[in-house]
Amino acid sequence: MIQEVLYSRDGQYVRKAWLISTENQPSGRLMVFLDGEFYVERMNISTLLAELGKKYGPFTGVFISNLDAEARHYDYTCNQAYAKFVAEDVLAWINDHYPDVQTTNSLIGGLSLSGLQSAYIAYTYPEIFNRILCQSPSFWWEQEWLLKNMNPDKIKNNQFWISVGDQEKDTNVQHPPTNLLQEVDQVTAVEHMVDFMKNHQIAVNYHPYAGGHNVSAWNTELKEALIWLLQ
0 MIQEVLYSRD GQYVRKAWLI STENQPSGRL MVFLDGEFYV ERMNISTLLA ELGKKYGPFT
60 GVFISNLDAE ARHYDYTCNQ AYAKFVAEDV LAWINDHYPD VQTTNSLIGG LSLSGLQSAY
120 IAYTYPEIFN RILCQSPSFW WEQEWLLKNM NPDKIKNNQF WISVGDQEKD TNVQHPPTNL
180 LQEVDQVTAV EHMVDFMKNH QIAVNYHPYA GGHNVSAWNT ELKEALIWLL Q
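Shown next, in the form of C-alpha cells:
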C-alpha cells in the first residue's frame, strides 16, 4: 500500500489517499473509491483486491480520504468542483506518476453520501467512469435532485451496482455536523433511481440487503459487487 497526498490544481482540495495495486507497481485498470478510509481501515479491501487480481487484474485502487465529517457534506453532495478534482486532477496525477495505470473505462465507488457523489461523477464524466459502485447511496439528497436532473442518454453505456438495506427508512432527519436534511427515506430514493435506470435500459444490479446503514453490510457485499462490475 502506498500513501499519497493529492492536490487540486486550483488549490481547493488537499486529500490523503492510499494506492493498492495487484502488482508490484501500480498498473492495470483503475478503481477510485471515495470515503477511502472506510474501505482501507474498516473493510478487508487489501485481501479482496489481491484475490480478485488473480482473476480480473491487474488493477490499481485509489482510495481518497474524506478529510472529515463536515467536508463530506460539501464534497459528496453532487459537487461539481469535487467531481472535477477527482476526474481531472487526480487522474492527471495518476497519469504523470503511474503511467501504467489505465485511466479510461474506470470504476468509481462510494458509500452513503460518497455513493451519491460517485454516481454524480460518473454522470458528469461518463467517458472516464463507466463502472459505478453505489453502496446505500444518499439519492435522497435535496429531494432526489440527481434523479430529477439526470439525462439517461449520458449514462447509457455505464454499469451500476446499487445497494440499500431494508431498514434504511428514516425520514425528516437532520444529519450532523451541518444538519443536512433528509426528507426522503433511503430505500425509496434508491428504488426510484433503480426504476429510472431500468426503464431507460441502463445496466444496473440492484442489491437490497437485510439490515441498516452500516459498514459490515457494505463489506459483506463488496466482493460480489466488484466481481459483477469487473466482468
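For the sequence shown, numbering that gives the first Met the number 0 assigns the number 0 to the initial residue and increments by one for each residue that follows. C-beta: ideal position from N, C-alpha, C; glycine also. It should be emphasised that the depicted structure is a prediction, and the values quoted were computed from it without experimental measurement.
Check: Which same chain residues, not among the five before or five after Gly108, have their C-beta less than 6 Å away from its C-beta?; Outcome: Phe32, Ser117, Leu132
Check: Would you mind giving the Cβ-Cβ distance between Thr102 and Pro57, rounded to the nearest angstrom? I have them listed as a contact below 8 Å.; Outcome: Contact flag wrong, Cβ pair sits at about 14 Å.
Check: Suppose you measure from the CA of Val39 to the CA of Leu115; what does that come to, to the nearest Å?; Outcome: 19 Å
Check: State the DSSP-derived secondary structure class of Met192, mapped to helix, strand or coil.; Outcome: helix
Check: Which residues mark the beginning and the end of the alpha helix (DSSP H) in which Ile127 is found?; Outcome: Here Ile127 belongs to no alpha helix (DSSP H), and DSSP marks it neither H nor E.
Check: Here's a check: name, in chain order, each residue in its chain whose Cβ is nearer than 8 Å to the Cβ of Val4, leaving out the five neighbours to either side.; Outcome: Val13, Arg14, Lys15, Ala16
Check: Quick one: what's got a C-beta closer than 8 Å to Gln79's C-beta in the same chain, skipping five residues either side?; Outcome: Thr123
Check: At 4 residues or longer, and completely inside the region 58-84: list those alpha helix (DSSP H) runs for me, N to C.; Outcome: 68-74, 79-83
Check: Is the Cβ-Cβ distance between Val163 and Gln185 less than 9 Å?; Outcome: yes
Check: Would you call Val85 buried or exposed, if buried means 16 or more other Cβ atoms sit within 10 Å of its Cβ?; Outcome: buried
Check: Please confirm whether Leu106 and Asp34 have their CB atoms less than 9 Å apart.; Outcome: no
Check: Consult DSSP for Trp227 and reduce its assignment to one of helix, strand or coil.; Outcome: helix
Check: Looking at the structure shown, is Val183 part of a helix, part of a strand, or coil, going by DSSP?; Outcome: coil
Check: Taking the Cβ atom as the reference point for each residue, do Glu220 and Tyr208 lie within a distance shorter than 9 Å?; Outcome: yes
Check: Should Glu223 go down as buried or exposed, given a rule of 16 or more other Cβ atoms within 10 Å for buried?; Outcome: exposed
Check: Taking Cβ to Cβ, would you say Thr59 is nearer than 9 Å to Val89?; Outcome: no
Check: Can you tell me whether Pro25 is helix, strand or coil according to DSSP?; Outcome: coil
Check: At which residues does the alpha helix (DSSP H) containing Tyr6 begin and terminate?; Outcome: No alpha helix (DSSP H) contains Tyr6, which is instead part of the beta strand (DSSP E) from 1-6.
Check: Alpha carbon to alpha carbon, how far is Ala188 from Phe138? Give it in angstroms, no decimals.; Outcome: 5 Å
Check: Looking at the secondary structure, which residues open and close the alpha helix (DSSP H) in which Ala209 lies?; Outcome: Element bounds for Ala209: n/a, residue is neither H nor E.
Check: Rank Leu179, Phe159, Asn171, Lys53 by C-alpha distance to the C-alpha of Val203 and give the top, closest one.; Outcome: Phe159
Check: Could you pull the DSSP bridge partners for His174 from this structure?; Outcome: Leu179
Check: Give me the residue from Ala49, Lys54, Asp194, Gln173 with the minimum Cα distance to Leu146.; Outcome: Asp194
Check: Going by DSSP, what residue range makes up the beta strand (DSSP E) through Gln158?; Outcome: 158-164
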